[in-house]
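In mature numbering (1 follows the signal peptide of the UniProt record, and there is no 0), the protein residues as written are -32 to -1, 1 to 266. Don't be surprised by glycine CBs; every beta carbon is placed ideally from N, CA and C. Since the structure is predicted, the reported quantities are computational estimates derived from the model, not experimental observations.
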């Protein structure tokens, strides 16, 4: 907490709430408030709250229990891309038919990228984080991985994700996919690790700009020589409906269940605010509404 002319300035705090999915929430809370108020009752199976200024743990509930993280995986996908040395956000990437085939076969969430269109890396980040496009995730993994084939490049990208997790000290996190679609159920994290990951990602200006966007409209050169117009809405229902919400990512597992329904993954400027993984919000000073996202995983 910082004081200036008698004014208490709150520091940012990050919480991660998880069940079979995981959510990251950032809130500033004045230290005086934090000490005066008890932590919220969290109905989610796991939760974690920290002060990002000091990296001090404020509240934890099964914070180191490994759980599937679904599309919150894409936070790491974006971070690996954004921390690539010599990154050019205006680099164009051509959409391949196999990206569309992949999401169709997996029944995964999509940005509906059209074959042959040329989108910039920056546009793909919006396609990744707003509609939770698994096609965009594959395009980025294919572009920033190494190897002679798409399979080799996406596999190497996943290795980069795990290397980044190790560098960040995320000891209870493992990735077996670039988007959260896990064939072997070996894609997991913890509330603690997701909070730390989100803390790092929000330090990136591009990431911060993308995840706080309610929606976006993008133009891209189409394969037929014309211009394609894309319009994507953010799966985070708090954005635009809850004052102070500024991100980050939703996620849900398969099969969808009312107990597991994807909550709005929120970065919010309200004290002691938390969203549960049930259909209704955790009882705190206010309530956040939750809802199911389809098709899974998002």
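**Request:** Can you grab the Cα-Cα spacing for the pair residue 106 / residue 18, in whole Å?
**Result:** 32 angstroms
**Prompt:** Which word fits residue 57, buried or exposed, when buried means at least 16 other C-beta atoms lie within 10 angstroms of its C-beta?
**Reply:** It is exposed - the Cβ of residue 57 has fewer than 16 other Cβ atoms within 10 Å.
**Request:** Determine, using beta carbons only, whether residue 187 and residue 199 come nearer to each other than 8 angstroms.
**Result:** no
**Message:** Would residue 158 and residue 31 be called neighbours here (beta carbons separated by less than 8 angstroms)?
**Reply:** Yes. Within cutoff.
**C-beta contact flag for residue 99 and residue 203 at 8 angstroms** = Here residue 99 is near residue 203, since their CB atoms are less than 8 angstroms apart.
**Prompt:** Below 8 angstroms, can you find three or more Cβ-Cβ pairs linking the region 157 to 175 to the region 131 to 149?
**Reply:** yes
**Message:** Can you tell me whether residue 130 is helix, strand or coil according to DSSP?
**Reply:** Helix, per DSSP.
**Asked** Closest to residue 67 by CA distance: which of 92, 152, 216 is it?
**Response** 92
**Prompt:** What's the gap between the Cα of residue 154 and the Cα of residue 144?
**Reply:** 6 angstroms
**Prompt:** Do residue 129 and residue 45 come within 8 angstroms of each other at the CB atom, strictly closer than that value?
**Reply:** yes
**Message:** Restricting to runs no shorter than 4 residues, where is the alpha helix (DSSP H) found entirely within the region 110 to 167?
**Reply:** 118 to 135
**Request:** Compare the Cα-Cα distances from residue 82 to each of 53, 194, 149 and report the closest residue.
**Result:** 194
**Message:** Assuming residue 271 and residue 26 are in contact, meaning their beta carbons sit under 8 angstroms apart, how far apart are those beta carbons, in whole angstroms?
**Reply:** The structure shown does not extend to residue 271, since the chain is modelled only from -32 to 266, so the question has no answer here.
**Prompt:** Does the distance from the CB of residue 76 to the CB of residue 149 come in under 8 angstroms?
**Reply:** yes
**Prompt:** Which residue's Cα is closest to the Cα of residue 6: 54, 28, 14?
**Reply:** 28
**Request:** Out of 191, 152, 213, point me to the one whose CA is closest to residue 181's CA.
**Result:** 213
**Asked** Sorted by chain position, which residues of the same chain lie with C-beta nearer than 7 angstroms to residue 88's C-beta, five sequence neighbours on each side aside?
**Response** 57, 58, 59, 60
**Burial state of residue 210 (16 or more Cβ within 10 Å)** = Flag for residue 210 reads buried.
**Between the CA atoms of residue 218 and residue 85 - distance to the nearest angstrom** = 26 angstroms
**Request:** Compare the Cα-Cα distances from residue 121 to each of 34, 146, 179, 54 and report the closest residue.
**Result:** 146
**Asked** Is it the case that the Cβ atoms of residue 104 and residue 96 are separated by a distance below 8 angstroms?
**Response** yes
**Message:** Please list the terminal residues of the continuous beta strand (DSSP E) segment that includes residue 188.
**Reply:** Residue range 183 to 189 is occupied by the beta strand (DSSP E) that includes residue 188.
**Request:** Could you tell me if residue 227 is buried or exposed, where buried requires 16 or more neighbouring beta carbons within 10 angstroms of its beta carbon?
**Result:** Bear in mind that the predicted position of residue 227 carries a pLDDT of just 22, short of 50, making it too unreliable to give a figure here.
**Item:** CA nearest to the CA of residue 215, picked from 36, 40, 114, 48
**Value:** 40
**Request:** Tell whether a beta-carbon distance below 8 angstroms holds between residue 156 and residue 34.
**Result:** yes
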